[in-house]
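Structure record follows, encoded as structure tokens.
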Amino acid sequence: MSQASNRWSLRYVLIVLSGLSVFLVTLVALSVMVSHETREISQMTEQHTNQMVDLVEPLLVGSLVVGDLATVQQSLRNMVSEGSLSSVIIADPSTNAPILFARSRLKTGDTQTVPTWFGFLAGEPPKPVKRRLAAGGVAYADLIANPSYQRLLSTLWNSTQNMILLAAGMLLTQLALLTWILARGMKPLSNLVLVMRQIGEGDLGAKVPNTRLNEIAQVGDAFNHMVGNVKELMRSLRESEEQHRSALTALIEGVIIVRSDGIIQTYNPAARCMLGLESGQLAGALLRDHCHSEVREDGTPLPVDQHPVWVTLHTGKPVTNFVMGILPTGAAANSTRWLAINSQPLFSEGGAQPHAVVMSISDITERKEIDDRLRLAAAVFHNSHERIIITDASSRIVAVNDAFTEITGFSQTDAIGKNPSFIRSGRHETAFYKTMWDCIHQNGYWRGEIWNRNKFGEIFPEWISISAVKNEREVVTHYISIATNISVIKQAEDRLRHLAHYDALTDLPNRLLLQLRLDHAVERARRQHHRVAVLYMDLDRFKQVNDKYGHEAGDDLLRIISSRFLGRLREEDTLARLGGDEFVVLLEGINQVDNIYNLVNDLIRLAGESVALGDGREASVGVTIGVSLFPDDGKTAEELLSTADTALYKAKNAGRNTYRTFRESQGNADAPAIIPVPMTEKDRHT
Amino acid sequence: MNFIQAIVLSFYLVALNWIGYAAATDDKVYSFGVLNQQSAQLTAERWNPILRHVSQVSGIRLLLRMAPTVQETDAAMGRGEYDFMFTNHIFQSAYERVGYRVLARAGGELNYGVIIVTPESPAQTLTDLQGQPVAFPSADAFMSYAATQVGLMKAGVAVQAVFAGNQEGAVAQLRARRVVAASLHARLLLDYAQRENFQFRELYATPRYPELAVIAHPRVASRVADKVSAALIGMNTGIEGAEILARSNFPGFEKASNAEYVSVRSVYKAIGK
Numbered sequence: 126m127s128q129a130s131n132r133w134s135l136r137y138v139l140i141v142l143s144g145l146s147v148f149l150v151t152l153v154a155l156s157v158m159v160s161h162e163t164r165e166i167s168q169m170t171e172q173h174t175n176q177m178v179d180l181v182e183p184l185l186v187g188s189l190v191v192g193d194l195a196t197v198q199q200s201l202r203n204m205v206s207e208g209s210l211s212s213v214i215i216a217d218p219s220t221n222a223p224i225l226f227a228r229s230r231l232k233t234g235d236t237q238t239v240p241t242w243f244g245f246l247a248g249e250p251p252k253p254v255k256r257r258l259a260a261g262g263v264a265y266a267d268l269i270a271n272p273s274y275q276r277l278l279s280t281l282w283n284s285t286q287n288m289i290l291l292a293a294g295m296l297l298t299q300l301a302l303l304t305w306i307l308a309r310g311m312k313p314l315s316n317l318v319l320v321m322r323q324i325g326e327g328d329l330g331a332k333v334p335n336t337r338l339n340e341i342a343q344v345g346d347a348f349n350h351m352v353g354n355v356k357e358l359m360r361s362l363r364e365s366e367e368q369h370r371s372a373l374t375a376l377i378e379g380v381i382i383v384r385s386d387g388i389i390q391t392y393n394p395a396a397r398c399m400l401g402l403e404s405g406q407l408a409g410a411l412l413r414d415h416c417h418s419e420v421r422e423d424g425t426p427l428p429v430d431q432h433p434v435w436v437t438l439h440t441g442k443p444v445t446n447f448v449m450g451i452l453p454t455g456a457a458a459n460s461t462r463w464l465a466i467n468s469q470p471l472f473s474e475g476g477a478q479p480h481a482v483v484m485s486i487s488d489i490t491e492r493k494e495i496d497d498r499l500r501l502a503a504a505v506f507h508n509s510h511e512r513i514i515i516t517d518a519s520s521r522i523v524a525v526n527d528a529f530t531e532i533t534g535f536s537q538t539d540a541i542g543k544n545p546s547f548i549r550s551g552r553h554e555t556a557f558y559k560t561m562w563d564c565i566h567q568n569g570y571w572r573g574e575i576w577n578r579n580k581f582g583e584i585f586p587e588w589i590s591i592s593a594v595k596n597e598r599e600v601v602t603h604y605i606s607i608a609t610n611i612s613v614i615k616q617a618e619d620r621l622r623h624l625a626h627y628d629a630l631t632d633l634p635n636r637l638l639l640q641l642r643l644d645h646a647v648e649r650a651r652r653q654h655h656r657v658a659v660l661y662m663d664l665d666r667f668k669q670v671n672d673k674y675g676h677e678a679g680d681d682l683l684r685i686i687s688s689r690f691l692g693r694l695r696e697e698d699t700l701a702r703l704g705g706d707e708f709v710v711l712l713e714g715i716n717q718v719d720n721i722y723n724l725v726n727d728l729i730r731l732a733g734e735s736v737a738l739g740d741g742r743e744a745s746v747g748v749t750i751g752v753s754l755f756p757d758d759g760k761t762a763e764e765l766l767s768t769a770d771t772a773l774y775k776a777k778n779a780g781r782n783t784y785r786t787f788r789e790s791q792g793n794a795d796a797p798a799i800i801p802v803p804m805t806e807k808d809r810h811t
Numbered sequence: 002m003n004f005i006q007a008i009v010l011s012f013y014l015v016a017l018n019w020i021g022y023a024a025a026t027d028d029k030v031y032s033f034g035v036l037n038q039q040s041a042q043l044t045a046e047r048w049n050p051i052l053r054h055v056s057q058v059s060g061i062r063l064l065l066r067m068a069p070t071v072q073e074t075d076a077a078m079g080r081g082e083y084d085f086m087f088t089n090h091i092f093q094s095a096y097e098r099v100g101y102r103v104l105a106r107a108g109g110e111l112n113y114g115v116i117i118v119t120p121e122s123p124a125q126t127l128t129d130l131q132g133q134p135v136a137f138p139s140a141d142a143f144m145s146y147a148a149t150q151v152g153l154m155k156a157g158v159a160v161q162a163v164f165a166g167n168q169e170g171a172v173a174q175l176r177a178r179r180v181v182a183a184s185l186h187a188r189l190l191l192d193y194a195q196r197e198n199f200q201f202r203e204l205y206a207t208p209r210y211p212e213l214a215v216i217a218h219p220r221v222a223s224r225v226a227d228k229v230s231a232a233l234i235g236m237n238t239g240i241e242g243a244e245i246l247a248r249s250n251f252p253g254f255e256k257a258s259n260a261e262y263v264s265v266r267s268v269y270k271a272i273g274k
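Listed in order, the protein sequences are those of chains E and W.
The first sequence: position 149 = 274 (the numbering used here), numbered continuously.
The second sequence: position 247 = 248 (the numbering used here), numbered continuously.
Below you can see the structure in the form of structure tokens.
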């Protein structure tokens with residue numbers, strides 16, 4: 126059976142329902158009216174009966190008092206003859222036994238035949254009126270007046286018949302009117318249906334024609350307005366859909382919408398590219414069909430039930446920032462693409478389980494590599510044994526590594542925000558730093574050695590490399606200072622330097638250092654017109670001590686003698702050991718020649734003093750000294766040493782433990798040992 | 002005690018009670034007739050409370066008895082059907098042979114009848130009423146008919162008697178100018194005049210006569226009659242009796258004897274009753 130054949134005509138349904146409802150309403154109204162009428166007539170009857178009893182009561186009481194029962198009987202007859210009472214009884218008040226009785230005798234035609242059912246509708250018959258006939262407290266009889274129910278029913282039935290006729294007329298009239306109205310009202314409805322069908326087939330231009338029936342016209346207007354709104358809505362929807370599609374296409378992030386059955390509903394080009402698939406492969410396919418080898422962030426395989434889409438579909442909760450790698454089948458292991466995935470559930474209205482999941486994909490392969498590199502750099506930064514300071518462009522420290530704290534004693538909190546100059550030692554002058562910064566600004570880096578100061582006030586040397594970090598616009602954003610504490614190296618260098626210039630036994634300057642200092646002294650004396658004296662000394666009898674007590678004792682003697690000599694010399698004087706038992710004293714800034722002789726005599730005296738060599742051993746040596754003067758005896762260091770050596774030779778020949786000047790050694794014994802050089806005005810003031 | 006014993010004991014107690022009650026009271030019901038001065042219902046309203054009180058006080062059971070009309074009441078009285086009665090018709094010659102005994106009379110002062118005219122009436126004496134229509138309540142009335150008739154007869158005046166049915170009817174006849182004078186009970190006239198602000202002029206007043214008497218039939222024992230008489234007279238002083246009299250608007254009862262009604266008998270004789 127077709128669906129249309131199951132439908133009922135609205136017109137007939139309305140007519141039947143309206144007729145039924147009017148009929149029911151009429152029936153109810155009729156029942157209410159009959160009930161009301163019954164009640165009213167019953168009340169009226171009761172009232173009437175009471176009035177009648179009121180009228181006859183004095184007569185009845187009087188007649189009963191005087192025992193005139195004939196009059197009482199006549200009164201009863203008169204009461205029932207009026208017609209409203211069916212019977213009247215006079216009863217004994219104490220026993221209720223009837224004494225007198227009168228009954229109405231209705232003639233045929235006095236009342237109308239009433240249907241039995243109407244009796245049920247009319248309800249209970251009116252109650253009899255009972256009145257005690259008494260005077261002065263003495264009850265003579267009871268009067269019981271029974272209203273005529275038949276007459277009451279007849280009256281009611283008459284009025285009810287009229288009401289039924291009236292209701293039937295109204296019902297018929299209403300049905301006729303309704304039929305006519307529906308016949309007229311259905312045509313616009315048919316037009317409305319026709320237009321709805323046209324719109325349903327896509328013709329949104331169709332309009333409901335106007336009609337004179339206001340309500341139908343209002344429906345038509347509302348429908349036309351609704352269609353207009355729907356057109357506007359559809360246009361907005363298309364635009365919105367286009368915008369969303371464009372936005373989806375333009376998104377750098379990949380977006381895939383997966384239905385609850387795992388079918389890919391829609392996707393954007395970015396998603397396709399990220400998954401490395403050809404166009405048209407995704408839509409309508411199962412997501413798992415396009416699953417590559419998927420791995421967790423730690424490289425272990427990703428189970429299907431831990432895939433974000435699966436998790437969101439089954440839990441209804443979003444998953445954010447889930448990182449997974451995809452590896453196309455057969456591809457090399459190092460070609461893994463890393464994706465960050467967010468999955469958001471979509472719920473139907475009122476639904477508890479998502480009907481789809483929106484999966485957004487970001488290719489974070491490069492970012493992950495950068496992160497890895499950064500992580501590595503950070504590890505290098507923190508684990509480096511070299512002290513690293515990173516400042517911003519304004520040289521304000523933004524980061525220091527652990528080695529910084531270890532080397533300088535300053536914590537990160539102490540350092541962050543400060544200028545690196547806070548660890549300056551003060552050993553370098555401003556020009557040094559200016560040169561350094563000029564180099565950095567010019568070349569982008571600087572390397573060099575800088576002395577800095579740690580938290581405990583100790584200064585230490587560092588080998589520093591400072592680099593300027595520039596952004597893509599070549600603007601310096603940071604400076605990185607990497608430094609190595611070179612204190613140990615410096616100490617080693619100093620040691621080497623010391624070993625090169627000092628005698629290992631006595632720690633006195635050796636020949637090389639003496640040569641350098643002598644050169645400088647000559648140069649300085651030449652500029653400043655000073656004298657320089659060189660005392661070339663050789664210990665007497667040292668060989669015997671060495672032979673007698675051994676080399677160690679000889680070495681001790683040399684150290685003791687050296688110490689005695691140093692104790693006599695000025696701080697600015699130089700005592701050098703040239704080797705063996707040969708020493709040279711370099712004296713600068715000499716103003717009084719006599720002072721030299723005093724010194725020489727003191728040195729001879731000191732050398733001659735006994736030397737305790739331990740274990741109760743004592744030794745005594747002497748010293749022979751050759752003296753040469755600049756500029757008198759030589760113009761250069763070599764000449765001075767040579768002339769001093771010559772003078773020493775002469776002194777040794779003269780018997781040791783003495784001295785000779787070079788001039789004396791040249792045989793000019795009468796000549797003054799020291800020929801004074803004219804002093805400049807400047808000399809006199811120094 | 003079982004059930005049967007309980008029932009026997011109960012009957013025994015009831016019987017003892019009944020015997021005691023019967024010994025204390027006279028179980029006979031005595032009829033008490035009342036002259037038809039008002040409608041039977043009003044009469045019953047007025048007299049039933051009085052008779053119930055007297056019965057309770059005296060132990061003599063009294064029952065109100067009336068006939069539909071005055072004539073029938075008088076006839077029954079003449080036949081001796083009432084044990085007690087409240088009337089003055091007994092003093093008519095026709096009923097003297099029955100031998101009723103006067104026990105008491107209605108209380109209050111002795112009363113009288115009057116003949117009145119309107120204030121503007123030209124009649125100044127009874128003789129001015131000669132041949133004129135005069136209203137009377139009823140031919141059975143004593144004060145307002147029998148007594149005033151004696152006065153008219155003594156004055157030698159014959160009037161046209163118009164019977165109005167009751168006192169109010171007679172006054173209404175006078176006020177409607179359908180009669181030139183009206184013969185009325187003096188006390189009832191004064192009540193009416195005060196109630197209705199009625200102005201009148203008195204032409205004649207009869208001598209004073211006692212009100213109706215309570216009489217007993219000769220067959221009623223003196224003991225019973227005395228008890229009833231004592232109870233009636235005692236109502237004036239008893240609280241309950243006084244209340245009943247007040248509600249019935251009854252002036253009460255006073256002791257009386259046949260001798261007090263000689264004047265009444267003479268009036269009846271004078272008019273041939």
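Glycine included, each C-beta is placed from N, C-alpha and C at the ideal position.
In the DSSP assignment, the alpha helix (DSSP H) including tryptophan 562(E) goes from what residue to what residue?
Its alpha helix (DSSP H) spans residues 555-568.
Which chain E residues are close to asparagine 259(W), counting only those with a beta carbon under 9 Å from its beta carbon?
Within chain E, no residue comes near asparagine 259(W); the closest Cβ sits about 28 Å away, beyond 9 Å.
Considering only residues of the same chain and omitting the five flanking positions on each side of alanine 222(E), which have a CB-CB separation below 8 Å?
Within the same chain, alanine 222(E) has close Cβ partners Ala216.
Which residues does DSSP pair with aspartate 488(E) in a beta bridge?
In the DSSP output, where bridge partners are listed per residue, aspartate 488(E) has Leu464(E).
How close, in whole Å, do the beta carbons of leucine 438(E) and valine 482(E) come, if the pair is a contact with beta carbons under 8 Å?
Yes, leucine 438(E) and valine 482(E) are in contact; Cβ-Cβ is about 6 Å, under 8 Å.
Sort Arg248(W), Ala214(W), Phe137(W) by Cα distance to histidine 90(W) and report the nearest one.
Looking at the Cα atoms, Ala214(W) is the closest of the given residues.
Return the chain-ordered list of same chain residues with a C-beta closer than 6 Å to the C-beta of isoleucine 541(E), the five sequence neighbours on each side being excluded.
Correct list, in chain order: Ile522.
Tell me which residues of the region 188-202 of chain E have at least one Cβ-Cβ distance to chain W shorter than 9 Å, keeping chain order.
Answer in chain order: Ser188, Leu189, Val190, Val191, Gly192, Asp193, Thr196.
Check the DSSP bridge columns for phenylalanine 137(W) and list the partner residues they point to.
Phenylalanine 137(W) is bridged to Phe164(W).
Among the residues of its own chain, which have a CB less than 6 Å from the CB of alanine 518(E), if the five just before and after it don't count?
Excluding positions up to five away in sequence, the list reads Val601, Thr602.
Any beta carbon of chain W sitting closer than 7 Å to that of alanine 270(E)?
No - not a single Cβ of chain W is within 7 Å of the one on alanine 270(E).
Three-state secondary structure (DSSP) at valine 55(W)?
DSSP places valine 55(W) in helix when its eight states are reduced to three.
With a threshold of 7 Å between beta carbons, is proline 50(W) in contact with chain E?
At least one chain E Cβ lies under 7 Å of proline 50(W).
Given that asparagine 260(E) touches chain W, what residues does it touch there, using C-beta distances under 7 Å?
According to the sequence displayed, residue 260(E) carries alanine and not asparagine. The answer, in chain order, is Gln42, Ala45, Glu46, Asn49.
Hey, is proline 183(E)'s beta-carbon within less than 7 Å of any beta-carbon in chain W?
Chain W, which has a Cβ nearer than 7 Å to the Cβ of proline 183(E), makes this yes.
Could you work out which residues of chain E lie near alanine 68(W), taking near to mean beta carbons separated by less than 7 Å?
What alanine 68(W) touches in chain E: Val191.
Looking only at C-alpha atoms, which of Gly679(E), Glu743(E), Lys312(E) sits nearest to asparagine 335(E)?
Answer by Cα proximity: Lys312(E).
Residues in the same chain with beta-carbon distance under 8 Å from leucine 155(E), minus the five sequence neighbours each way, listed in chain order, please.
For leucine 155(E), where only same-chain residues beyond five positions count, the Cβ hits under 8 Å are Thr285, Met288, Ile289, Ala292.
For alanine 165(W), count neighbouring Cβ atoms within 10 angstroms of its own Cβ and tell me buried if that reaches 16, exposed if not.
By the neighbour-count rule (16 or more Cβ atoms within 10 Å), alanine 165(W) is buried.
Apart from the five residues just before and just after valine 254(E), which ones in its own chain have a Cβ nearer than 7 Å to its Cβ?
Here the set comprises Glu171, Thr174, Asn175, Val178, Ala270.
Determine which residues share a DSSP beta bridge with lysine 255(E) and list them.
Paired residues: Ile269(E).
Can you confirm whether valine 263(E), when its beta carbon is compared against all beta carbons of chain W, has any partner nearer than 7 Å?
Yes, contact with chain W.
Assess, as a yes-or-no matter, whether the region 242-257 of chain W is touched by the region 132-142 of chain W under the definition of 3 or more beta carbon pairs within less than 8 Å.
No, because fewer than three Cβ pairs between the region 132-142 of chain W and the region 242-257 of chain W fall closer than 8 Å, the two stretches do not touch.
I'd like to know if the region 107-126 of chain W and the region 172-191 of chain W are in contact, where contact means that at least 3 CB-CB pairs between them fall below 8 Å.
The region 107-126 of chain W, when compared against the region 172-191 of chain W, does touch it at the 8 Å Cβ threshold.
Could you name the residues of chain W that valine 186(E) contacts, counting a contact when the two beta carbons are closer than 8 Å?
The contacting residues are Ala41, Gln42, Ala45.
Would you say the region 529-539 of chain E touches the region 579-596 of chain E, given that touching needs at least three Cβ pairs under 8 Å?
Yes, the region 529-539 of chain E touches the region 579-596 of chain E.
Buried or exposed: which applies to lysine 595(E), given that a residue is buried once 16 or more other Cβ atoms fall within 10 Å of its Cβ?
Per the 10 Å Cβ criterion, exposed.
Using the DSSP secondary-structure output, state which residues sit across from tryptophan 48(W) in a beta bridge.
DSSP lists no partner for tryptophan 48(W).
At a Cβ cut of 8 Å, what residues of the region 216-244 of chain W count as close to chain E, listed as they run along the chain?
Flagged: no residues at all.
Distance, Cα to Cα, histidine 350(E) vs arginine 384(E)?
If I take the Cα positions, the gap works out to 36 Å.
Near leucine 738(E), which residues of its chain fall below 7 Å by C-beta distance, leaving aside the five closest residues on each side in sequence?
Cβ within range, chain order: Tyr674, Ala678, Asp681, Leu682, Ala744.
Would you kindly report the start and end of the unbroken beta strand (DSSP E) that includes arginine 512(E)?
Per DSSP, arginine 512(E) belongs to the beta strand (DSSP E) from 512-517.
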